[in-house]
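Novice: Can you keep this structure in mind? I'll have questions shortly.
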Amino acid sequence: MTAHGSGVEPMWAALAEGRSPATDWSPDDGLETFRAGPIPDDYRPHTRIPRNLVHFLDRGSMVGLDAALQAVEAAGLTAGIADSRRFAVADGLAFRAPGQATLFVPYGQLVARTLGVRGAVVGLSGAEASGLAAVAEAAAIVARGEADVVVAGAAQALQAPVLAHLSQQGLVASEHAHPLDAHPDGRIPAEGASNVGV
1168 MTAHGSGVEP
1178 MWAALAEGRS
1188 PATDWSPDDG
1198 LETFRAGPIP
1208 DDYRPHTRIP
1218 RNLVHFLDRG
1228 SMVGLDAALQ
1238 AVEAAGLTAG
1248 IADSRRFAVA
1258 DGLAFRAPGQ
1268 ATLFVPYGQL
1278 VARTLGVRGA
1288 VVGLSGAEAS
1298 GLAAVAEAAA
1308 IVARGEADVV
1318 VAGAAQALQA
1328 PVLAHLSQQG
1338 LVASEHAHPL
1348 DAHPDGRIPA
1358 EGASNVGV
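Numbering of the sequence shown is given in this note's numbering, commencing with residue 1168 and proceeding in unit increments.
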């Protein structure tokens, strides 16, 4: 789930074509505009997210749960396939700016409850590397024999404090940065989510 669409194919096509996700994006308060890569406005939640739950989810929770459901489907997992106590979730916690509240949205708990996971739910913080840290921890959980399957990944919603912090640090590209640039002059902050079944 990225600014380029939902699923592996749109993301891979965007990478292969070197497309930038950048657009001018403004938070709900509209006080400032940032160069960023938001998920498109026409985004529709995964059809397996219960309708009574959709209305209570913030944007980050929605895309995080969507990505987890896609990972479960891609892995060919279905309800009742195995002991739910042998399933776990490893969740990379979203990036925060200095001074932001340290209470993280527990996307991992949301994923576990929705999927009926009764094994461990682990949250890891590693800023931009949180998703990779979650995948590494998932592999370790399976290697230690603590679970048979781990849904692992991370979700990030665009947040004005994070965007302002990156801009103040001079880390946002002055031009439209493209994937795999040999000499990038910064980054394009973006929102999205990715999960895998380990």
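Backbone N, C-alpha and C fix where the C-beta goes; we use that ideal spot for every residue, glycine too.
As the structure is a computational prediction, the values presented were derived from the model and not from experiment.
1) Of the choices Glu1304, Pro1205, Ile1355, whose alpha-carbon is the least far from that of Pro1346?
2) Is the stretch 1171-1183 touching the stretch 1296-1305 in the sense that three or more CB pairs, one from each, lie closer than 8 Å?
3) Starting from Ser1361, follow the beta strand (DSSP E) in both directions and report where the run begins and ends.
4) Do the stretch 1212-1228 and the stretch 1323-1331 make contact, defined as three or more Cβ pairs closer than 8 Å?
5) Given a cut-off of 8 Å on the beta-carbon distance, is the pair Val1316 and Phe1254 in contact?
6) Return helix, strand or coil for Ala1322, following the three-state DSSP convention.
7) Quick one: grab the DSSP three-state call for Arg1311.
8) Count the other CB atoms, across all protein chains shown, that sit within 10 Å of the CB of Gly1283; report buried if there are 16 or more and exposed otherwise.
9) In the structure shown, what three-state DSSP assignment does Asp1258 receive?
10) Looking at the unbroken beta strand (DSSP E) that takes in Val1288, where does it start and where does it end?
11) Specify, as a first and last residue, the run of the alpha helix (DSSP H) that Ala1203 falls within.
12) To the nearest angstrom, how far is it from the Cα of Gly1286 to the Cα of Val1278?
13) Just mark Asn1219 as buried or exposed, buried being the case when its beta carbon has 16 or more other beta carbons within 10 Å.
14) Over the uninterrupted alpha helix (DSSP H) stretch that includes Thr1281, give me the two end residues.
15) Less than 8 Å between the beta carbons of Ala1257 and Leu1291, yes or no?
16) With C-beta atoms as the reference, is Gly1204 less than 8 Å away from Pro1188?
17) Only counting the same chain, and skipping five residues up and downstream in sequence, which positions put a Cβ closer than 6 Å to that of Ala1264?
Specialist: For this structure:
1) Here residue 1346 corresponds to residue number 179 of the sequence shown, with the count starting at 1. Comparing Cα-Cα distances from Pro1346 to each of Glu1304, Pro1205, Ile1355, the minimum goes to Ile1355.
2) no
3) The sequence position of residue 1361 within the sequence shown is 194, counting from 1. If you look at Ser1361, you'll find it in the beta strand (DSSP E) that goes 1359-1364.
4) Yes: the two stretches touch, three or more of their Cβ pairs being nearer than 8 Å.
5) Here residue 1316 corresponds to residue number 149 of the sequence shown, with the count starting at 1. Here residue 1254 corresponds to residue number 87 of the sequence shown, with the count starting at 1. Yes, the Cβ-Cβ distance between Val1316 and Phe1254 is below 8 Å.
6) Here residue 1322 refers to the residue found at position 155 of the sequence shown. DSSP, read as helix, strand or coil, puts Ala1322 in strand.
7) Residue numbering aside, residue 1311 sits at position 144 when the sequence shown is read from its first letter. It is coil, neither helix nor strand.
8) Numbered from 1 along the sequence shown, position 116 holds the residue referred to as residue 1283. Exposed, since its Cβ has fewer than 16 Cβ neighbours within 10 Å.
9) Taking the sequence shown and counting its residues from 1, one reaches residue 1258 at position 91. The answer is strand: DSSP assigns Asp1258 an E or B state.
10) Locating residue 1288 in the sequence shown gives position 121, counting from the first residue. Segment 1288-1291, the beta strand (DSSP E) holding Val1288.
11) Looking up residue 1203 in the sequence shown gives position 36. Element bounds for Ala1203: not the alpha helix (DSSP H) but the beta strand (DSSP E), 1201-1203.
12) Residue mapping note: residue 1286 aligns to position 119 of the sequence shown, counting from 1. Residue mapping note: residue 1278 aligns to position 111 of the sequence shown, counting from 1. So the two alpha carbons sit approximately 12 Å from each other.
13) Here residue 1219 corresponds to residue number 52 of the sequence shown, with the count starting at 1. Exposed, since its Cβ has fewer than 16 Cβ neighbours within 10 Å.
14) In the sequence shown, the residue the question calls residue 1281 occupies position 114. Run containing Thr1281: 1274-1282, per the alpha helix (DSSP H) assignment.
15) Position 90 of the sequence shown, counted from the start, is the residue given in the question as residue 1257. Position 124 of the sequence shown, counted from the start, is the residue given in the question as residue 1291. Going by C-beta atoms, Ala1257 is nearer than 8 Å to Leu1291.
16) Locating residue 1204 in the sequence shown gives position 37, where the first residue counts as 1. Locating residue 1188 in the sequence shown gives position 21, where the first residue counts as 1. Cβ distance < 8 Å, so Gly1204 and Pro1188 count as in contact.
17) Counted from its first residue, the sequence shown places residue 1264 at position 97. Here the set comprises Pro1328, Val1329, His1332.
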